[in-house]
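Structure first, then comments.
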Amino acid sequence: MLDLLNKVFPKDNRSKDIAKERLRLVLVHDRASVAPQFLEHLKGDLIEVISRYMEIDDKGTEINLTSGEESVALVASIPIKRMKRHAGTW
Amino acid sequence: MGESLVITSGKGGVGKTTTTANLGTSLALLGRKVALLDADIGLRNLDVVMGLENRIVFDLVDVVEGYCRLKQALIKDKRFEGLYLLPAAQTKDKTAVSPEQMKGVVGELKEEFDYVLIDSPAGIEQGFKNAVAGADRAVIVTTPEVAAVRDADRIIGLIEAAELPAPKLIVNRIRPSMVKKGDMMDIDDMLEILAIELLGVVPEDEMIVVSTNRGEPAATLQGSRAGEAYRNIARRIQGEPVPLMSLEAEGGLLKRLKKLMGFSS
Ligand SMILES: Nc1ncnc2c1ncn2[C@@H]1O[C@H](COP(=O)(O)OP(=O)(O)OP(=O)(O)O)[C@@H](O)[C@H]1O
Ligand SMILES: [Mg+2]
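So, in structure tokens, the structure goes:
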């Protein structure tokens, strides 16, 4: 019986799954925009970590949330000035 | 010294006033002394839902402006021992009271009552700030809809910012048959998304409409599923571990079919 129901209403088409997915996406944006300084903190931390590996242009660094149809992504653009020389292996 | 709870939501019309009235009545039925405080200044409703609208002489604004003493403004609900209402002003606006004044009134009520239930207005402006100002804990009401849950999330953040303990959630107007079909978000979906603890689930119930028409909270009606849910929530507020009632007890179509066919679930 349940199997039959699931075939007639495939999981992703159930309106509750659509509601849940929309909610998940909208809350990513809501929560990020309620605390805009959080992106600035994240940017600072990112710069610090990445600088251990390469020299980057922190003024030119940008980080943002972008949303597509079904997902939200964190997009960072970090211009590299110079790569550090790493001790190679023999 | 009693405890104050604010009933709030973000989105309007999800059932804050209904919840405040029913929880207050239920707590009074459990033998507690309860003050209901309508913080929705300018749009008072709690008096009507409680059926006490004809007994108002003074209101919250009269109290903070010093026109009367707190005791004079409290309306005693003669039907339920220990239940009182402090009505909001209908003709003033939300700025007529400050958060500090609210804190004072709630503090004074807590000296007399076991529970002070504060009915918050919708939104996140001054009225909400007032309602939260005197509260020890917050209860968030939502319905199982995207917009209501979204606004609940915002309110949870503001409650955290106000440094109240983690709020708890009441999901109102659940329709078990729709949940079963996958056409309404279920409780677990909402708890997961909001990362919040559940205080209770109240089903959609026509008796709420009938009881609101009459000015008699559904919690007093034995046959009301929502009333039963509210009585259970009141016991949880007191600290009793009451299990969630089964919302399918009446039997949706699917359940009855399954029974007929010899399955049980
Ligand atoms: N469980 C329920 N079943 C059926 N109807 C309900 C239920 N809960 C609330 N309602 C109805 O929904 C409407 C809104 O409820 P209520 O006034 O309690 O919401 P509110 O959150 O206080 O609104 P506002 O934001 O305007 O203050 C009322 O007509 C009420 O009777
Ligand atoms: Mg209301």
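Protein chains in written order, with the working numbering: chain R, 1134 to 1223; chain D, 31 to 295.
Even for Gly, the Cβ is constructed at its ideal location relative to N, Cα and C.
{"Query": "Test item: CB-CB of D:I86 and D:P117 under 8 Å", "Result": "yes"}
{"Query": "Entirely enclosed beta strand (DSSP E) segments - the region 1163-1209 of chain R, minimum 3 residues", "Result": "1187-1189, 1195-1200"}
{"Query": "Under the three-state DSSP convention, the category D:G61 falls into", "Result": "coil"}
{"Query": "Beta-bridge partners of D:S34, as assigned by DSSP", "Result": "D:V146"}
{"Query": "Length of the line joining the Cα atoms of D:D181 and R:K1217", "Result": "47 Å"}
{"Query": "R:H1162 beta carbon less than 8 Å from that of R:S1210", "Result": "no"}
{"Query": "For D:V127, three-class secondary structure by DSSP", "Result": "coil"}
{"Query": "Inter-stretch contact at 8 Å, needing at least 3 Cβ pairs: the region 166-185 of chain D / the region 59-76 of chain D", "Result": "no"}
{"Query": "For D:A168, the first and last residue of its enclosing beta strand (DSSP E)", "Result": "167-172"}
{"Query": "Cutoff 7 Å; reference D:T50; Cβ partners in own chain excluding five residues on either side", "Result": "I37, L66, L76, L147, D149"}
{"Query": "Reduced DSSP secondary structure (H/G/I, E/B, other) of D:V201", "Result": "strand"}
{"Query": "Assumed close pair D:G257, D:A264 - CB separation to whole angstroms, cut-off 8 Å", "Result": "11 Å between Cβ atoms; not a contact."}
{"Query": "Exposure label - D:T47; buried when at least 16 CB within 10 Å", "Result": "buried"}
{"Query": "Any non-hydrogen atom of ligand 1 closer than 7 Å to D:P151 Cβ", "Result": "yes"}
{"Query": "Per-residue contacts from R:K1160 into chain D (C-beta, under 8 Å)", "Result": "The displayed chain sequence assigns Leu, not Lys, to residue 1160 of chain R. Those are R180, D183, I223, listed as they occur along chain D."}
{"Query": "Test: D:T38 CB closer than 8 Å to a CB of chain R", "Result": "no"}
{"Query": "Cutoff 8 Å: R:V1167 Cβ touching any chain D Cβ", "Result": "yes"}
{"Query": "Strand pairing of D:I105, partner residues [DSSP]", "Result": "D:L115"}
{"Query": "DSSP-derived helix/strand/coil call for D:D183", "Result": "helix"}
{"Query": "Min CB distance R:E1181 to chain D below 8 Å", "Result": "no"}
{"Query": "Contacts of R:L1156 in chain D (Cβ-Cβ under 7 Å)", "Result": "V176, V179, R180, I223"}
{"Query": "Cβ of D:G212 within 8 Å of any chain R Cβ", "Result": "yes"}
{"Query": "Presumed contact (8 Å Cβ cut-off) between D:F56 and D:R244, rounded CB distance", "Result": "For clarity, residue 56 of chain D is Ser in the given sequence; the question names Phe instead. Wrong, their Cβ atoms sit about 17 Å apart, outside the cutoff."}
{"Query": "Coil, strand or helix - D:P195 by DSSP", "Result": "coil"}
{"Query": "For D:P233: DSSP bridge partner residues", "Result": "D:I204"}
{"Query": "Assigned secondary structure, D:E138 (DSSP; H/G/I helix, E/B strand, else coil)", "Result": "helix"}
{"Query": "Check: D:V4 C-beta below 7 Å from any heavy atom of ligand 1", "Result": "Nothing can be reported for residue 4 of chain D: it is not among the residues displayed for chain D, which extend from 31 to 295."}
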